[in-house]
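Engineer: Sharing a structure below in structure tokens format, with a few things to ask.
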Amino acid sequence: MIVIRAPRPEEDTGPLTAATNMPGVRRGTLRMPYTGEAFMLKRLSEPSPNVHQLVAAWDGLAVGMGSLMLGMGRRRHSGDIFLFIHDDYWGRGIGRALLGALLDLADNWYGLSRIGLEASPSNDRAIALYETHGFVREGLKRADVILEGQLEDSVVMGRIRLAPAPAEGDPT
803 MIVIRAPRPE
813 EDTGPLTAAT
823 NMPGVRRGTL
833 RMPYTGEAFM
843 LKRLSEPSPN
853 VHQLVAAWDG
863 LAVGMGSLML
873 GMGRRRHSGD
883 IFLFIHDDYW
893 GRGIGRALLG
903 ALLDLADNWY
913 GLSRIGLEAS
923 PSNDRAIALY
933 ETHGFVREGL
943 KRADVILEGQ
953 LEDSVVMGRI
963 RLAPAPAEGD
973 PT
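Per our numbering, numbering of the sequence shown is gapless, rising by one per residue and ending at 974.
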């Protein structure tokens, strides 16, 4: 059973560190190999005030994580999403649930108009998931990342959703 919840640093650090070190997660994200628990513990314990983090748990075990990074200043209407799921738990709907929860925050709590993300062009499953949630390919960052000794492009994707109108009778 999938549960999306707030991070619990003491409980989640080990499992999420293990997830970030999986070959599929490293290949599909910007994670460096050999991430240590100290990095994950700090990320979970001391998040930026402009980052909202969620953990995906499967039968009580943290197997994925997502972040909504809020824009600042003239980009306050926008945000960026990042997520990963442990390789052994792919194909169970966890990414879909986590992405849905992040978009719920963006749409219904922060009222964001634009959400952006980047994906590896070889990560067909992730791109398909993003497209089912309204993201479109906006461009390509050429030679953007080094992956296994080779330069690889990044697919830039975005979703535009106009902020909701005030409720009828709302004085704003």
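Backbone N, C-alpha and C fix where the C-beta goes; we use that ideal spot for every residue, glycine too.
#1: Does the CB of Leu949 have a neighbour CB from chain C at under 9 Å?
#2: In the DSSP output, what is Asp882 paired with across the bridge?
#3: What are the residues that DSSP puts in a beta bridge with Ile896?
#4: In three-state DSSP terms, what is Leu905?
#5: Following the continuous alpha helix (DSSP H) through Glu970, name the residue where it begins and the one where it ends.
#6: Buried or exposed: where does Met842 fall if 16 or more other Cβ atoms within 10 Å of its Cβ makes it buried?
#7: So, with DSSP's three-state summary, where would you put Met959?
#8: Closest to Lys844 by C-alpha separation, out of Met803, Thr819, Trp860, would be which residue?
#9: Quick one: which unbroken alpha helix (DSSP H) runs of 4-plus residues sit fully inside the stretch 820 to 876? Chain order, please.
Structural biologist: In short:
#1: Here chain C cannot be found, since the structure has a single protein chain.
#2: Reading the sequence shown from its first residue, position 80 is the one you call residue 882. Note: Asp882 sits in a beta bridge opposite Met871, Gly918.
#3: Counting from 1 along the sequence shown, the entry for residue 896 is found at position 94. BP columns for Ile896 are empty, so no partner.
#4: Locating residue 905 in the sequence shown gives position 103, where the first residue counts as 1. Here Leu905 sits in helix by DSSP.
#5: Within the sequence shown, residue 970 is the residue found at index 168, counting from 1. Per DSSP, Glu970 lies in no alpha helix (DSSP H) segment and is marked neither H nor E.
#6: Here residue 842 refers to the residue found at position 40 when the sequence shown is read from its first residue. Classification of Met842: buried, given that the 10 Å Cβ count is 16 or more.
#7: Taking the sequence shown and counting its residues from 1, one reaches residue 959 at position 157. Looking at Met959 - three-state DSSP - the assignment turns out to be strand.
#8: One-based indexing of the sequence shown puts residue 844 at position 42. The residue among Met803, Thr819, Trp860 with its C-alpha nearest the C-alpha of Lys844 is Thr819.
#9: If only complete runs of 4 or more residues are kept, the stretch 820 to 876 shows the alpha helix (DSSP H) at 825 to 830, 839 to 847, in order along the chain.
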